[in-house]
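Line order of the protein sequences matches chains A and B. The numbering of the first sequence is the working numbering, which starts it at 29 and goes up by one. The numbering of the second sequence is the working numbering, which starts it at 14 and goes up by one. Here a beta-carbon is modelled for each residue, glycine too, at the ideal position from N, C-alpha and C. Only a predicted model underlies this, so the values are computations on that prediction, with no experimental measurement involved.
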Amino acid sequence: MNSAIRLVAAITIKEGLRNRAMQGILAIALLLCLVYITVIPMFAFDTGKVVVDLGSAFVTLAGLAIVIFLGIALLTKDIHQRTVCMILARPISRTDYVIGKFCGLAGTLLLAVLMIVGLTVFTSWLGMQLILEMEPPRNFSWGVLGVSVLFQYLSLLLLMAVAFFFACLTTSEYLSMLFTVCVYVIGNSLETIIEVIQSSQMVMVGPTYLTMLKVLAWFLPNLSAFDLKIYLAYGLPMPWIQVLWTALYGVFYIGLLAMATLWVFKRKEIN
Amino acid sequence: MGIKRIAWAAAVLLSLSAYAVSHSQMNTLRAEQPRETKRVQALAVDPMLLKVVSGPFKGVAADYLILKASIFMGGAREVTPEDWDAVYTLLKQSLYLDPLFFQTGYYTQGLLSWRKGMQAKAVELLKVSAQHRYWDWEPMFYLGFDYFYYLKDNDHAIKYMRLAAGRPDAPPIVANLAARLSQRSGQTLTAIGLLKAMLEQTEDDYTRLLYKKRLDVYLGIHQLEQAIDAYEKSQGRKPETLEQLVSQGLISSLPTNPFGDHFIYEPDTGKVFFDDVR
Numbered sequence: 029m030n031s032a033i034r035l036v037a038a039i040t041i042k043e044g045l046r047n048r049a050m051q052g053i054l055a056i057a058l059l060l061c062l063v064y065i066t067v068i069p070m071f072a073f074d075t076g077k078v079v080v081d082l083g084s085a086f087v088t089l090a091g092l093a094i095v096i097f098l099g100i101a102l103l104t105k106d107i108h109q110r111t112v113c114m115i116l117a118r119p120i121s122r123t124d125y126v127i128g129k130f131c132g133l134a135g136t137l138l139l140a141v142l143m144i145v146g147l148t149v150f151t152s153w154l155g156m157q158l159i160l161e162m163e164p165p166r167n168f169s170w171g172v173l174g175v176s177v178l179f180q181y182l183s184l185l186l187l188m189a190v191a192f193f194f195a196c197l198t199t200s201e202y203l204s205m206l207f208t209v210c211v212y213v214i215g216n217s218l219e220t221i222i223e224v225i226q227s228s229q230m231v232m233v234g235p236t237y238l239t240m241l242k243v244l245a246w247f248l249p250n251l252s253a254f255d256l257k258i259y260l261a262y263g264l265p266m267p268w269i270q271v272l273w274t275a276l277y278g279v280f281y282i283g284l285l286a287m288a289t290l291w292v293f294k295r296k297e298i299n
Numbered sequence: 014m015g016i017k018r019i020a021w022a023a024a025v026l027l028s029l030s031a032y033a034v035s036h037s038q039m040n041t042l043r044a045e046q047p048r049e050t051k052r053v054q055a056l057a058v059d060p061m062l063l064k065v066v067s068g069p070f071k072g073v074a075a076d077y078l079i080l081k082a083s084i085f086m087g088g089a090r091e092v093t094p095e096d097w098d099a100v101y102t103l104l105k106q107s108l109y110l111d112p113l114f115f116q117t118g119y120y121t122q123g124l125l126s127w128r129k130g131m132q133a134k135a136v137e138l139l140k141v142s143a144q145h146r147y148w149d150w151e152p153m154f155y156l157g158f159d160y161f162y163y164l165k166d167n168d169h170a171i172k173y174m175r176l177a178a179g180r181p182d183a184p185p186i187v188a189n190l191a192a193r194l195s196q197r198s199g200q201t202l203t204a205i206g207l208l209k210a211m212l213e214q215t216e217d218d219y220t221r222l223l224y225k226k227r228l229d230v231y232l233g234i235h236q237l238e239q240a241i242d243a244y245e246k247s248q249g250r251k252p253e254t255l256e257q258l259v260s261q262g263l264i265s266s267l268p269t270n271p272f273g274d275h276f277i278y279e280p281d282t283g284k285v286f287f288d289d290v291r
């Protein structure tokens, strides 16, 4: 990584951590972590699974908020307020700027995810000391927890790459947010929709429609593939080969999207 | 103090009082609502659609639906048939979102199985739970119990009890129940086969002892049943006592019953039991 990218990334991390939106998101996550301890005693069985469900939902919600409200806002603000011109006037290329910005936001996101996971683990430990019914998930393993969190982070990173692409393409904050949310919703449900159409006798659609959906699945990210919490929640054996291919899929998708973003940004007129 | 300040204080005080009154009125009136309006509410949404919509929050959605259905645990309130339909819908939706969640299977057994007319639905849900929780013997055991007790279907009951007994960590009583059920249904050889398989799988000495004792009982019963059949073939009727089998030379002596003094024999049916529990 060259020094220009490092510089932009470091500034972005500082900017991200100072941002009020980020502080608000973390404060809400902290509050939710404390609140969820009160929900656990309502369940008699599989309380570990409920902890995983809630903890994972906090990470997803907070990560989503960071990508949508922070990632897109920081980039579009730079373009709209012409701050980007000042940066690009220095010996920093457009490529350095985009990659640096992405790495900086990825770092901010990583810090946020680690903080929320740390909080969830701490409150779960606290809960287990205080609440008799609370127990760790079946066959709990720190390794599986780490992999599960890593994949959750990877899916958020992928979504951020999508957000970056739309932010560079449209330069409109609201349009980028709208498109990113759409990709997020479709990316999480497209696989299930195709599965339902293929397996259910209740849903009757034409073969053209199904083919269209399958083609769409090649272009839009399959975010549901990164959801590994079931292995953590129920202590099921992790399908490592599948996990490895999913990681490669995620990395290459982000790489390709970053290339497309760079291509768009390099051709963009910024006055 | 200026008039403006007094007006502000009065407005705040008035608003607080109005809030307190309205809050208490609302709660009182809601508590007095007719029972029909307080029924458990389940959205008539196809579980497939719920799965699509909930995306990465499927687990949380399943937890919420279970909490909603759990209002009926404990029997603190009167329940209508419509409520049971709603509970079934909630459990079905929750199970579709997270088929591994044990609480859904447990509530299905606790809430639906004993309701007249709901047993077939309970069995339908328990099958999903038993299939997905491949390491857990309990949903399979519930299925066996429901088929035996509520649906009076011994063949299915034996099938699911045997499957439950084969699951890891299943207590020995499950295999013993499955064996007992098989024997009572005239399938003594099935009971023997099941106990032999369990004996081979088990390493714990105490559990092995329990299985061995049970196996000896069924081997004794099987020996007696074969002798009764032979007696019936030669004499054209069933023996009146088990001792007749010895006097006729069909067996050298009566097998010992590890659970009692002797085996219990029903001359009318020709059935042999090791205890008096029918």
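Other residues of its chain near residue 191 (chain B): CB distance less than 8 Å, five sequence neighbours each side excluded
157, 171, 174, 175, 177, 178, 204, 207
Once DSSP output is grouped into helix, strand and coil, what is the label at residue 222 (chain A)?
helix
Is residue 77 (chain A) close to chain B, meaning its C-beta is less than 9 Å from at least one C-beta of that chain?
yes
Chain-ordered residues of the region 75-108 of chain A with a beta carbon less than 8 Å from chain B:
77, 78, 80, 81, 82, 84, 85, 88
Which chain B residues sit within Cβ distance under 8 Å of residue 70 (chain A)?
80, 83
Residue 231 (chain B): contacting residues in chain A (beta-carbon distance under 9 Å):
Simply none; closest approach about 34 Å.
Buried or exposed by the 16-neighbour rule on C-beta atoms within 10 Å, applied to residue 196 (chain B)
buried
Separation of residue 90 (chain A) from residue 198 (chain B), as counted between CA atoms
58 Å
Beta-carbon within less than 7 Å of residue 261 (chain B)'s beta-carbon, same chain only, minus the 5 sequence neighbours each way: which residues are those?
244
According to DSSP, simplified to helix, strand and coil, what is residue 277 (chain B)?
strand
When you compare the CB positions of residue 115 (chain B) and residue 107 (chain B), do they come within less than 9 Å of one another, or not?
no
Please report the straight-line C-alpha distance between residue 51 (chain A) and residue 201 (chain A), rounded to a whole angstrom.
20 Å
Residue 300 (chain A) by DSSP, collapsed to three states: which one?
For chain A, the structure presents residues 29 to 299; residue 300 (chain A) sits outside this window and is missing.
Segments of 4+ residues assigned as alpha helix (DSSP H) that fall wholly inside the region 39-113 of chain A:
48-67, 75-93, 100-108
Which one or two residues does DSSP pair with residue 285 (chain B) in a beta bridge?
B:278
Under 8 Å, with one C-beta from each stretch per pair, do the region 277-287 of chain A and the region 214-229 of chain A reach the 3-pair mark?
no
By alpha-carbon positions, which one of B:93, B:159, B:96, B:216 ends up nearest to residue 118 (chain B)?
B:159
Cα-Cα, which of B:70, B:263, B:168, B:288 is closest to residue 270 (chain B)?
B:288
Give a yes or no on whether the minimum CB-CB distance between residue 224 (chain A) and chain B is below 9 Å.
yes
Taking three-plus beta-carbon pairs below 8 Å as touching, is the region 200-217 of chain A in contact with the region 97-106 of chain A?
yes
At the level of alpha carbons, what is the spacing between residue 134 (chain B) and residue 101 (chain B)?
8 Å
Nearest-angstrom Cα separation, counted from residue 26 (chain B) out to residue 72 (chain B):
45 Å
Is there contact here, the region 110-124 of chain A with the region 68-83 of chain A, by at least three beta-carbon pairs under 8 Å?
no
Going by the CB atoms, is the gap between residue 136 (chain A) and residue 278 (chain A) shorter than 9 Å?
no
Along the chain, where does the alpha helix (DSSP H) that runs through residue 140 (chain A) open and close?
122-158
Is there contact between the region 107-115 of chain A and the region 149-156 of chain A, where contact requires at least three CB pairs shorter than 8 Å?
no
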